[in-house]
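Protein chains in written order, with the working numbering: chain A, 1 to 351; chain B, 352 to 702.
For glycine and all other residues, C-beta sits at the position ideal for the given N, C-alpha and C.
Number of protein chains: 2
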Amino acid sequence: MARTPRRQSAVLQTVTIRDVAAKAGVSVATVSRVFNRKGPIREDTFERVMAIAEEMRYVPDAAARSLSTRSTSTIGVVLPELHGEFFSEVIRGIDVAARQGGYHLLVSGSHSNSEEMRAVLQAVRGRVDGLIVMSPDLEPSTLLADFPSTFPLVLLNSRVDGRPSITIDNSGGARAVVRHLASLGHQRIAFLRGPSQNADAEQRLRGYRAAVRAAGIDADRNLELTGNFTEESGYDAVKRMLATRPRPSAIFTANDAMAIGALGALVEAGCAVPGEIALVGFDDIPIARFLAPPLTTVKVPIADLGRRGFELLRDSTTDPSAPSLKLETTLVVRQSCGASRPARPRRTKSQ
Amino acid sequence: MARTPRRQSAVLQTVTIRDVAAKAGVSVATVSRVFNRKGPIREDTFERVMAIAEEMRYVPDAAARSLSTRSTSTIGVVLPELHGEFFSEVIRGIDVAARQGGYHLLVSGSHSNSEEMRAVLQAVRGRVDGLIVMSPDLEPSTLLADFPSTFPLVLLNSRVDGRPSITIDNSGGARAVVRHLASLGHQRIAFLRGPSQNADAEQRLRGYRAAVRAAGIDADRNLELTGNFTEESGYDAVKRMLATRPRPSAIFTANDAMAIGALGALVEAGCAVPGEIALVGFDDIPIARFLAPPLTTVKVPIADLGRRGFELLRDSTTDPSAPSLKLETTLVVRQSCGASRPARPRRTKSQ
DNA sequence: CTCCGCGCTGTAAACGGTTACATCCGAGCA
DNA sequence: TGCTCGGATGTAACCGTTTACAGCGCGGAG
């Protein structure tokens with residue numbers, strides 16, 4: 001009862017390891033050994049197999065190899081968003097490190113709610129050897145509940161017990177800003193908060209509060225304005241704030257996007273920056289230095305975040321000691337804070 | 352001679368379709384049919400298998416499925432770069448469309464030279480069902496040489512005979528700019544070129560030339576300045592140009608990055624924009640509207656590029672008629688061209 | 001009552017590699 | 001010459017699915 005052998009979907013390569021073996025007059029094991037440079041192979045056998053393989057345009061099938069090996073050589077990257085300077089920079093950081101290490105990247109973004117996020121995590125798992133997850137808004141511990149603790153996984157910008165993670169020194173950055181402004185003589189420094197469920201936003205807030213207390217300057221809770229990381233919310237918050245008295249002499253926004261909005265509101269109100277009110281942001285997105293005046297802000301090492309994330313993932317498979325680490329942030333003084341300094345625009349990305 | 356059975360690398364799931372079948376008292380075929388909703392299955396069998404699978408936390412193995420099915424459900428995305436607003440927006444466009452269609456994204460970027468590019472294409476192939484490739488600088492036809500013409504593949508922003516592609520109406524956009532400037536009375540419009548091996552750059556140049564000729568205004572070849580899409584090159588070129596006479600009354604740059612550099616040079620020289628010299632860019636990157644003055648430019652539908660790319664790829668597998676298409680660009684008039692108009696900043700990305 | 005057809009399910013052969021173990025072969029040695 | 005030993009290679013089980021085909025039970029037609 002001859003079965004009709006299944007034939008592949010036309011599109012992919014037709015030449016298998018068996019074809020190569022037959023043509024080279026060796027066994028499949030030998031061909032496999034040649035391709036993986038494993039086990040003892042005679043010089044001339046090696047050459048011959050390679051030549052034939054080349055000639056036949058043989059490329060090992062990734063799926064078959066994965067099935068046998070139990071390892072895809074790809075890692076998954078799950079971000080809340082794919083769009084924007086910030087995330088693309090993270091991905092790039094991971095990409096260069098990963099490719100160097102012989103890994104591919106399976107990315108996925110745009111998961112607003114946790115249902116979607118969970119689904120994506122499930123789908124991606126099984127196709128990857130490890131996962132880099134960034135979930136600033138959603139509580140990650142619940143999302144990761146049904147990942148065995150042995151599954152290689154590193155978190156970016158959030159922490160879960162027992163999982164390695166890479167975070168940013170948000171608090172330190174915020175403290176540096178407040179110290180800097182205080183040293184310039186500011187007594188009333190307003191803080192424009194980010195969304196309260198966002199971990200970064202909360203840490204920046206805590207840094208602000210700690211530094212204000214430490215500097216012994218005005219700690220009025222009315223100085224804390226609410227925003228949600230969007231430019232619009234920055235505009236609105238500052239618009240409202242300008243109607244109140246006494247005004248702060250400086251505004252520190254929890255991210256640069258809100259600083260842009262804030263700047264719009266200030267300019268609209270005819271309020272000189274930094275003359276009447278100084279302005280400082282957080283993130284150092286590329287636009288920051290093109291604002292008028294160029295924005296003083298906190299630089300976060302975004303690409304590093306990605307690179308270190310990959311490295312940590314790679315290492316965590318061999319050494320599960322989970323050495324989470326925190327990356328330094330640095331204050332970038334431009335002109336919006338009042339400590340003026342010239343700045344010639346530098347080269348940026350094309351297109 | 353009992354072989355020691357191979358056991359998986361500890362990390363991944365241990366429960367296979369056989370385990371589920373055994374526990375549910377059915378055969379593997381039935382479990383498979385339940386999971387793929389294929390073939391006739393009795394209601395109660397379906398429920399029981401599903402329940403057991405859920406309970407055992409069974410997740411089908413992607414590699415095995417791929418091997419059997421000859422289809423990963425992922426598509427590859429190869430870009431020259433991953434960083435920046437432009438590319439991240441392309442990826443996002445692809446991502447949302449792909450996820451909706453049940454596909455995953457394998458991305459790869461940062462290939463400066465064609466050797467690297469070729470290697471990446473090889474590595475990615477076999478792991479994906481199709482490929483979306485963007486290679487504005489490198490000649491794509493040679494890169495794609497050893498891809499059988501049946502391999503599903505679409506090109507972004509470049510064309511190769513017999514391959515479906517999505518391009519942007521660079522020429523039309525450039526013509527619109529020149530027409531607009533001419534209608535404002537400009538007689539001498541300089542053009543700041545992009546790198547000559549870049550296809551987009553060349554098309555924009557051609558559009559500029561055609562429109563200048565059509566408008567019957569000054570077509571002096573000295574009006575064509577050389578640049579390479581970087582901000583720096585824009586700065587340098589305009590700096591040099593300002594030393595010559597007669598000056599143009601408007602500068603049209605082949606992308607926004609160069610416009611930023613150009614603006615820097617103009618401001619530095621005390622040259623009023625648009626008062627003395629009008630300025631127009633191309634791309635409409637997000638920074639564009641935050642420049643002082645806000646930059647008039649050509650908006651290219653970046654996310655569409657990605658989405659349409661995916662759709663074309665999906666369709667091309669069933670219908671290989673390769674309906675390449677060209678996306679419209681639109682002129683966005685802000686203030687740098689002299690046709691003033693107010694603009695309230697709108698909401699942008701957070702963080 | 002027999003036979004047919006159909007709905008549901010089971011069996012086992014692929015899919016294309018990797019790799020444990022067996023085998024072969026020639027050199028070195030007693 | 002017979003034996004050992006190790007390097008090079010072959011054989012075939014196994015990775016976890018999908019799916020062609022076979023089988024079974026049952027209701028209705030003849």
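Give me the subset of the region 392-422 of chain B whose CB atoms are less than 9 angstroms from a CB atom of chain A, sorted by chain position. 408, 410, 411, 412, 413, 414, 415, 416, 417, 418, 419, 420, 421 and 422
Continuous beta strand (DSSP E) stretch holding residue 643 of chain B: start and end: From DSSP, residue 643 of chain B is part of no beta strand (DSSP E); its letter is neither H nor E.
Close Cβ partners of residue 542 of chain B (< 6 angstroms) along its chain, the five nearest in sequence each way excluded: Excluding sequence neighbours, residue 542 of chain B sits near 559, 575 and 603.
Ignore the nearest five residues each way along the sequence and tell me which others in residue 404 of chain B's own chain have a CB closer than 6 angstroms to its CB. 371
Would you list the one or two residues that DSSP bridges to residue 283 of chain A? A:299
Use the C-beta contact count for residue 676 of chain B: other C-beta atoms within 10 angstroms, 16 or more gives buried, fewer gives exposed. exposed
For residue 398 of chain B, count neighbouring C-beta atoms within 10 Å of its own C-beta (all shown protein chains included) and say buried if the count is 16 or more, exposed if not. exposed
Which residues mark the beginning and the end of the alpha helix (DSSP H) in which residue 38 of chain A is found? Looking at the DSSP string, residue 38 of chain A is not in any alpha helix (DSSP H), and its letter there is neither H nor E.
Own chain residues within Cβ distance below 7 angstroms of residue 454 of chain B, not counting five before or after: 424, 425 and 426
For residue 493 of chain B, name the three-state secondary structure that DSSP assigns. DSSP places residue 493 of chain B in helix when its eight states are reduced to three.
DSSP three-state assignment for residue 695 of chain B, whether helix, strand or coil: Any reading at residue 695 of chain B is ruled out, since the residue's pLDDT is 36, under 50, leaving its predicted position unreliable.
Taking all protein chains shown into account, do 16 or more other C-beta atoms lie within 10 angstroms of the C-beta of residue 27 of chain A, making it buried, or fewer, making it exposed? exposed
CB contact flag (residue 305 of chain A, residue 93 of chain A, <8 angstroms): yes
For chain A, is any of its Cβ atoms less than 8 angstroms away from the one on residue 475 of chain B? yes
Between the region 98-128 of chain A and chain B, which residues of the former have a C-beta closer than 8 angstroms to a C-beta of the latter? 99, 104, 105, 106, 107, 108, 109, 110, 120, 122, 123, 124, 125, 126 and 127
What residues are listed by DSSP as bridge partners for residue 224 of chain A? DSSP output for residue 224 of chain A lists A:191 as bridge partner(s).
Residue 146 of chain A versus chain B: which residues are under 9 angstroms apart at the beta carbon? Here the neighbours are 408.
Taking the straight line between their C-alpha atoms, what separation do you get for residue 244 of chain A and residue 338 of chain A? The alpha-carbon atoms of residue 244 of chain A and residue 338 of chain A are separated by roughly 23 angstroms.
From the DSSP output, which residues share a beta bridge with residue 167 of chain A? A:326
Does any C-beta atom of chain A lie closer than 8 angstroms to the C-beta of residue 361 of chain B? A caution first: residue 361 of chain B carries a pLDDT of 40, below 50, which makes its placement in the model unreliable, though a value can still be read off. Output row for residue 361 of chain B: interface = yes.
Taking the Cβ atom as the reference point for each residue, do residue 534 of chain B and residue 625 of chain B lie within a distance shorter than 8 angstroms? no
Residues near residue 375 of chain B in its chain [Cβ-Cβ closer than 6 angstroms; skip 5 each side]: 399, 400 and 403
Name the chain B residues whose beta carbon is nearer than 7 angstroms to that of residue 88 of chain A? Residues of chain B whose Cβ lies closer than 7 angstroms to the Cβ of residue 88 of chain A are, in chain order, 433, 434, 435, 438 and 439.
As assigned by DSSP and simplified to three states, the class of residue 26 of chain A: coil
Compute the Euclidean distance between the alpha carbons of residue 63 of chain A and residue 437 of chain B, then round it to the nearest angstrom. Roughly 32 angstroms between the two C-alpha positions.
Taking the continuous beta strand (DSSP E) assigned at residue 155 of chain A, which residues delimit it? 153-156
CA-to-CA distance, residue 255 of chain A to residue 484 of chain B, given in whole angstroms: 34 angstroms
Please classify residue 618 of chain B as buried or exposed, where buried requires at least 16 neighbouring CB atoms within 10 angstroms. exposed
For residue 611 of chain B versus residue 585 of chain B, is the C-beta distance shorter than 8 angstroms? yes
Whose Cβ in chain B lies nearer than 7 angstroms to the Cβ of residue 137 of chain A? The premise fails here: residue 137 of chain A is roughly 10 angstroms from chain B at the closest Cβ pair, so nothing lies under 7 angstroms.
Would you mind telling me which residues of chain B sit closer than 7 angstroms to residue 217 of chain A, beta carbon to beta carbon, in chain order? Those do not exist, as residue 217 of chain A stays about 27 angstroms from chain B at its closest Cβ, beyond 7 angstroms.
Three-state secondary structure (DSSP) at residue 442 of chain B? Reduced to three states, the DSSP call for residue 442 of chain B is helix.
Any beta carbon from chain A within less than 8 angstroms of residue 483 of chain B's own beta carbon? no
How about residue 251 of chain A: is its C-beta nearer than 8 angstroms to some C-beta of chain B? No, residue 251 of chain A lies away from the interface with chain B (no Cβ there is under 8 angstroms from its Cβ).
Return no unless some Cβ of chain B is closer than 8 angstroms to the Cβ of residue 287 of chain A. yes
Chain A contact residues for residue 446 of chain B, given Cβ-Cβ distances below 8 angstroms: 82, 107, 108, 109 and 110
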